[in-house]
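Report on the following structure.
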Amino acid sequence: MHKVEVIVAGRSYTIRTEDNPEHVQAAAAMIESQLNELKQIGSTVGTDRLMALVALNLAGQLLNQKVNQSTELGGLISSLETLVSQAEGLAKAPLR
């Protein structure tokens, strides 16, 4: 079990995790980066609301990646099915 210290929105958090500590630091950096982007836009809402927006943005990105991966996987499966069908056809063809 790792203990990782991260700072998000000016607050320090100690996280216990089985994950790679560098991944936890990278996740905190992503949150902090999006938080700073929202602040630069000129948003004057409170930190809690900004954090909710960051969470929604990151969740949206994750869902988009899942959809894209699913679409790519469907294309790969279709290609593999075509190759298997072609291989079966070649296997059944008489030898010359």
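Residue numbers (the numbering used here): 129 to 224.
Idealized CB from N, CA, C, for every residue including glycine.
All values reported here derive from a predicted model rather than from experimental measurement.
Here the C-alpha atom of Ala-157 lies approximately 8 Å from the C-alpha atom of Val-136.
Taking 8 Å as the cut-off, the Cβ atoms of Thr-145 and Val-134 do not count as close. Looking at the backbone, the Cα of Tyr-141 and that of Thr-210 are separated by about 51 Å. For Leu-191 against Leu-181, the beta-carbon gap comes to about 16 Å, at or over 8 Å, which does not count as contact. Here DSSP, grouped into helix, strand and coil, assigns Arg-144 to strand. DSSP places Arg-177 within a helical segment (H, G or I) once states are collapsed to three. Straight-line spacing of the CA atoms in His-151 and Leu-186 works out to 15 Å. When DSSP states are grouped into helix, strand and coil, Ile-169 belongs to the coil group. Residue environment: Leu-201 is assigned as exposed (fewer than 16 neighbouring CB atoms within 10 Å of its CB, all protein chains considered). For Ala-215, same chain residues with a beta-carbon under 6 Å away, outside a window of 5 residues either side, do not exist.
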